[in-house]
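Take a look at the structure below.
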Amino acid sequence: MTHPHTAWDTPAANSEATTPATDTERTIPAPDPEATTPAPDPQGTIPTTDLEGTPAPAPEGTPSKPPEGTPADLYDRLRAQLGADARDWLEQALGEAAAQPGIRGPISVWELRLAEAGRRCGAEYADAARVLIMHSARAGTDALSRVYSQGTAAERRSVLRALPHLVDGPEALPLVEDALRTNDTRILAAAVGPYAARHLAPHHWRHAVLKCLFTGVPVAEVADLDRRAHADAELARMLRDYAAERTAAGRPVPEDLHRVLTLTDPTATPPAQSVRHGARGTDGKES
1 MTHPHTAWDT PAANSEATTP ATDTERTIPA PDPEATTPAP DPQGTIPTTD
51 LEGTPAPAPE GTPSKPPEGT PADLYDRLRA QLGADARDWL EQALGEAAAQ
101 PGIRGPISVW ELRLAEAGRR CGAEYADAAR VLIMHSARAG TDALSRVYSQ
151 GTAAERRSVL RALPHLVDGP EALPLVEDAL RTNDTRILAA AVGPYAARHL
201 APHHWRHAVL KCLFTGVPVA EVADLDRRAH ADAELARMLR DYAAERTAAG
251 RPVPEDLHRV LTLTDPTATP PAQSVRHGAR GTDGKES
């Protein structure tokens, strides 16, 4: 089923209203119960070695990851899971977003709906609902950056999930790079999704993989891991160094590290090139 107000098959990075935001404060309804405050990286960088501090764990009630595929697929699956009241709210929110897209003044109506998603749809489905609302609003990089900078941790996570559907080029990379400086595992998992796989430079991508190992984010969350890790000698070196540091400190080496190290083997059969879902073109191998 396709929502009547939304053209799902068109990437929306190029169409948004241009009225600038003049109010730096975001006025929203009561806080979303799923919202959390991410723990910042004390060094402001992606760590490549183990630290004495304990990474911030993901809060309880972790929402389900929006399924892969097009926004139309996501819409159909989400509607099938929601109750009648939540479906009605979602339809209204999508209609409002489509009618008043982009940035409009200090805050747009659809931005307010992002803050309500957890209460209206439940924490499990809030990310998917927010991704659909941002898609209906045809949110480009400016709008997404505003939501990311002014929103809750849950809204920042949803922005990262929405990037593959809304931004074709690398202009939203600052949002991914900022997310990789946190120890909030849910935001980190969203940051290493398909958008990062397509656009993150090799140096930063390798450090993102190390950050996942350090914080305990499963490497299964790293989109296109098999392709990008294949025959990556520098990543293999970094993994071995990290494993040696853990061993020297008397700490266990994460099982995921061995998996990624195996993927770097240049003699292994390279994985097939993956195809982008919901946008134009195919993924290319970054060197």
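The numbering used here puts the first residue of the sequence shown at 1, with every later residue one more than the last. Yeah, the Cβ is synthetic: ideal placement off N, Cα and C, and Gly gets one too.
Asked	Found
Buried or exposed: Thr267, going by 16 or more other Cβ atoms within 10 Å of its Cβ?	exposed
What is the rounded straight-line gap between the Cα of Trp89 and the Cα of Ala196?	31 Å
For Thr141, list the residues DSSP reports as bridge partners.	In DSSP, Thr141 forms no bridge with anything.
Below 7 Å CB to CB, which residues in the same chain sit around Glu52 once its five sequence neighbours on both sides are set aside?	Any reading at Glu52 needs caution, since the residue's pLDDT is 33, under 50, leaving its predicted position unreliable; the model's value is listed next. Excluding positions up to five away in sequence, the list is empty.
Below 8 Å on the Cβ atoms is my guess for Val159 versus Leu144; work out the distance and round it to an integer in Å.	5 Å
In whole angstroms, what separates the C-alpha of Arg237 from that of Val176?	24 Å
Using a Cβ-Cβ cut-off of 8 Å (strictly less than) and excluding sequence neighbours within five positions of Leu114, which residues of its own chain qualify?	Arg130, Ile133, Met134, Val147, Gly151, Glu155 and Ser158
Classify Asp224 as buried or exposed, calling it buried when 16 or more other Cβ atoms lie within 10 Å of its own Cβ.	buried
Which residues in the same chain as Thr264 place their Cβ atom closer than 6 Å to its Cβ, once the five residues preceding and following it in sequence are excluded?	Ala229, Asp232, Leu235 and Ala236
Three or more beta-carbon pairs under 8 Å between the stretch 238–255 and the stretch 203–215, yes or no?	yes
My output table needs one value for Pro33: the three-state DSSP class, helix, strand or coil.	Residue placement at Pro33 is flagged as unreliable, the pLDDT there being 47, under the threshold of 50; a coordinate-derived value is accordingly withheld.
Helix or strand or just coil, what does DSSP make of Thr152?	coil
If we call anything under 7 Å between Cβ atoms a contact, is Pro71 one with His165?	yes
With distance defined between alpha-carbon atoms, name the residue in Gly83, Val192 and His203 nearest to Arg120.	Gly83
Do you know offhand how far Arg138's Cα is from Ala248's?	51 Å
Compute the Euclidean distance between the alpha carbons of Val217 and Glu255, then round it to the nearest angstrom.	12 Å
When you compare the CB positions of Ala172 and Thr141, do they come within less than 7 Å of one another, or not?	yes
Span of the alpha helix (DSSP H) holding Gly118?	Val109 to Cys121
Look at the alpha carbon of Ala97 and the alpha carbon of Ser149, and state the distance between them as a whole number of angstroms.	20 Å
Using a Cβ-Cβ cutoff of less than 8 Å, which residues in the same chain neighbour Arg206 once the five nearest sequence positions on both sides are dropped?	Asp232, Glu234, Leu235 and Met238
Would you tell me roughly how many angstroms separate the C-alpha atoms of Ala162 and Leu261, rounded to the nearest one?	29 Å
What's the call for Ala56, buried or exposed, on a 16-neighbour Cβ count within 10 Å?	Residue confidence for Ala56 is low, a pLDDT of 40 falling below 50, so the modelled location carries little weight and cannot support an answer.
What are the boundary residues of the alpha helix (DSSP H) that includes Leu180?	From DSSP, Leu180 is part of no alpha helix (DSSP H); its letter is neither H nor E.
In chain order, what residues of the same chain lie with their CB nearer than 7 Å to the CB of Gln81, ignoring the 5 residues before and after it?	Tyr125
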